Amino acid sequence: MKKYENYDLKNNTTSKISSVAKVVYIPESKEEFVNLLKTFDSMPVIIGGGSNVLLSSHGVDTPVILTTNLRDITINNNTIKAQCGVKTGVLSKTAADNNLSGMEFLFVIPATVGGVVKMNSSAHSQSIKDIIISAEVFDMGQKKVLTLSNDELELSYRTSILQKKPLVLLEAVFNLEKQNRELIDKRMQENLDYRKEKQPALTEPNFGSTFRNPQGAAVGKMIEELGLKGTVEGGAKISEIHGNFIVNYSKQATSTDVLRLMFKMYNAVKQKFGYEIKTEVIFIGNMTEEEKKIWTLIKSH
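Using our numbering, read the sequence shown as starting at 811 and increasing by one per residue.
Below you can see the structure in the form of structure tokens.
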């Protein structure tokens, strides 16, 4: 297992914001990962694809584990078992190569299995809840490996039991359907075309959706109506393509730049539409007093 000190996580996240971690571990196998987790008294920071996270420009003192090398995939008839570090693009392509349908939506989500299960990611009328059979997790409290069924994972809109309890995903098993390869490829291409048209390019640094959509409304549409698309704060900007995305357009954005934009978005939506929108992005690391005030306000809802 590799271990690094004072490691810049910039290239391990989709937002490409510089954030130096005191110590980073990169386990080579699931067994190494489990043995490492057993040594911690509290939850470490675990990063897979690095989307949906805002890392502090002021560093991360909590130990960080990168699941980069945990990428085994096993196929058995209509089921696929994948370790937490498997990239969703690779997983959906592997399914397609085996004429298995159900993962087309994952093709355009820049994440790993660990992240999409934890968030119950969804797109194009498909979600993780629809296809997952079970998940193997490590319970930080009991210090043991458990297997949870679909129901036990408590999957709902952008949430799961992995956000509520000290559980770490190790691997997951998915149930798919045999399908014509051409139809699978067609769906994947349609999803890709939609993303290119409606969301910032995957090559433009961003962490994905900033806020969760309240019931019956879309944050991106509200931000557009408020005329906030294109608003700049330091090196960060509210995307001109989709109002619920913040992009690191300068490649030099800081966590403070992003939080200031998030505060503007939150405040404007609350004043105009009455919604106290909830963050989808997760903040990790040290905070300045200003960042703490902003995060406490927008996270409390």
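The beta carbon of each residue, even a glycine, is placed where N, CA and C say it ideally should be.
These figures come from a predicted structure and were not determined experimentally.
When you compare only the Cα positions, how much space is there between residue i and residue j?
i       : j       : result
ASP882  : VAL896  : 7 Å
GLY859  : ASP818  : 15 Å
THR969  : LYS1109 : 15 Å
VAL844  : ILE942  : 22 Å
ASN990  : LEU1036 : 44 Å
VAL983  : PRO1010 : 31 Å
LEU963  : ILE938  : 11 Å
ALA892  : THR922  : 10 Å
SER959  : GLY1040 : 43 Å
ALA945  : ASN1001 : 26 Å
PHE1021 : MET1097 : 20 Å
GLY1053 : LYS954  : 42 Å
LYS1103 : ALA1078 : 17 Å
LYS848  : ASP1003 : 43 Å
VAL834  : GLU815  : 6 Å
PRO920  : LEU1012 : 8 Å
ALA1027 : GLN1081 : 15 Å
GLU1014 : THR1089 : 21 Å
GLY951  : LYS975  : 9 Å
GLN999  : GLU1100 : 43 Å
LYS813  : GLY1095 : 19 Å
VAL1042 : PHE948  : 41 Å
LYS832  : PHE850  : 15 Å
LYS1008 : LEU846  : 41 Å
ASP961  : ILE890  : 19 Å
ASN1058 : MET811  : 32 Å
GLN973  : GLU992  : 37 Å
SER1112 : TYR1076 : Because residue 1112 is not part of the residues shown, which for the chain are 811 to 1111, the question remains open.
VAL1091 : VAL863  : 5 Å
Report all residues from its chain with a CB closer than 8 Å to the CB of residue i; omit the five preceding and five following residues, and keep chain order.
i      : result
LYS988 : ASN888, ASN909, LEU910, SER911
Would you mind stating whether residue i and residue j have Cβ atoms separated by less than 9 Å?
i       : j       : result
SER866  : PHE1093 : yes
GLY924  : ILE856  : yes
LEU986  : MET913  : yes
ILE1056 : PHE1017 : yes
ILE994  : ALA933  : no
SER902  : LEU916  : yes
GLY869  : VAL830  : yes
LEU1038 : LYS1074 : yes
SER852  : THR824  : no
ILE1048 : LEU1071 : yes
With a threshold of 7 Å on Cβ separation, who are the neighbours of residue i within its own chain once the five nearest residues in sequence on each side are excluded?
i       : result
ALA1063 : ILE827, GLY1044, GLY1045, ALA1046
ARG1005 : VAL918
PRO854  : THR872, PRO873, VAL874, ILE875
PRO1024 : TYR1085, ILE1087
THR878  : ILE836, GLY895
GLY899  : PHE917
LEU965  : ASN930, ILE938, LYS939
TRP1105 : LEU1069, PHE1093, MET1097
Tell me where the alpha helix (DSSP H) around residue i begins and ends.
i       : result
LYS1074 : 1065 to 1083
ASP940  : 938 to 941
ASN1001 : 991 to 1008
GLU1100 : 1099 to 1109
GLY924  : 923 to 929
LEU819  : Segment: none, LEU819 is in no alpha helix (DSSP H) and carries neither H nor E.
PHE843  : 840 to 847
VAL918  : Run containing VAL918: none; DSSP gives neither H nor E here.
ILE1056 : Counting along the chain, ILE1056 falls outside any alpha helix (DSSP H), though it belongs to the beta strand (DSSP E) covering 1055 to 1057.
Comparing the CB of residue i with every heavy atom of the ligand ZN, is any distance shorter than 8 Å?
i       : result
MET1097 : No copy of the ligand ZN appears in this structure; indeed no ligand is present at all.
Counting only the same chain and skipping the five closest in sequence on each side, list residues whose C-beta sits under 6 Å from that of residue i.
i       : result
ARG997  : GLU914
ILE885  : ASN908
LEU956  : VAL947, ASP949
SER1060 : GLY1045
Tell me where the beta strand (DSSP E) around residue i begins and ends.
i       : result
VAL855  : 855 to 857
ILE1048 : 1046 to 1048
GLU981  : 977 to 985
SER1019 : 1016 to 1019
Review point. Using 8 Å as the threshold, is the stretch 974 to 989 in touch with the stretch 1022 to 1033, meaning 3 or more CB pairs across them?
Key: no
Check your understanding: Okay, do the stretch 1065 to 1072 and the stretch 830 to 838 touch, 3+ Cβ pairs below 8 Å being the bar?
Key -> no
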